[in-house]
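What follows is one structure encoded as structure tokens, with my remarks underneath.
Numbering (the working numbering), first residue to last: 14 to 147.
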């Protein structure tokens, strides 16, 4: 039987962590893509406070030392990092010199959002989206 915590009525996702063999490269990529400065504690960890949640980047070497066999960097093909933006089309233009791998250009989705999809240097899928104009 599941019991709810007295403090929380449901689980709240506040942090997503990407395990990577290339922390410095991903920090620079997300610094440019998100237009945010990361908070770092070591060369093996950085986090970007995005307003609602945190995108963390963690060294695969440090993860292996911390919890052996728990994660493998650069192999994810099932998770999408999604960021709400003000203007998808403007972001698409701004990111042309930053993003190397585009998956789908600006498109209005049937569920009412406008999105662009691209991959970060580790191959993680990223979606910048906004509510579609009606």
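We treat Cβ as the ideally placed atom computed from N, Cα and C, and that holds for glycine.
Query raised in the report: Can you tell which of 100, 81, 35, 57 has the C-alpha that lies nearest to the C-alpha of residue 127?
Result: The candidate whose alpha carbon is nearest that of residue 127 is 100.
**Report entry** residue 72, enclosing beta strand (DSSP E) - first and last residue
**Finding:** 67-72
**Report entry** Contact under 9 Å by Cβ, residue 139 with residue 71
**Finding:** When the beta-carbon positions are compared, residue 139 and residue 71 stay at least 9 Å from each other.
Query raised in the report: Straight-line CA distance for residue 131 to residue 78?
Result: 31 Å
Query - Residue environment, residue 65, which counts as buried when at least 16 other CB atoms sit within 10 Å - result: The residue in question, residue 65, is exposed, as its Cβ has fewer than 16 Cβ neighbours within 10 Å.
Report task. With residue 105 as the anchor, note down where its beta strand (DSSP E) starts and where it stops. Result -> That residue, residue 105, is in no beta strand (DSSP E); its alpha helix (DSSP H) goes 101-107.
Query raised in the report: By a C-beta neighbour count over all protein chains shown, 10 Å radius and 16 as the cutoff for buried, is residue 123 buried or exposed?
Result: exposed
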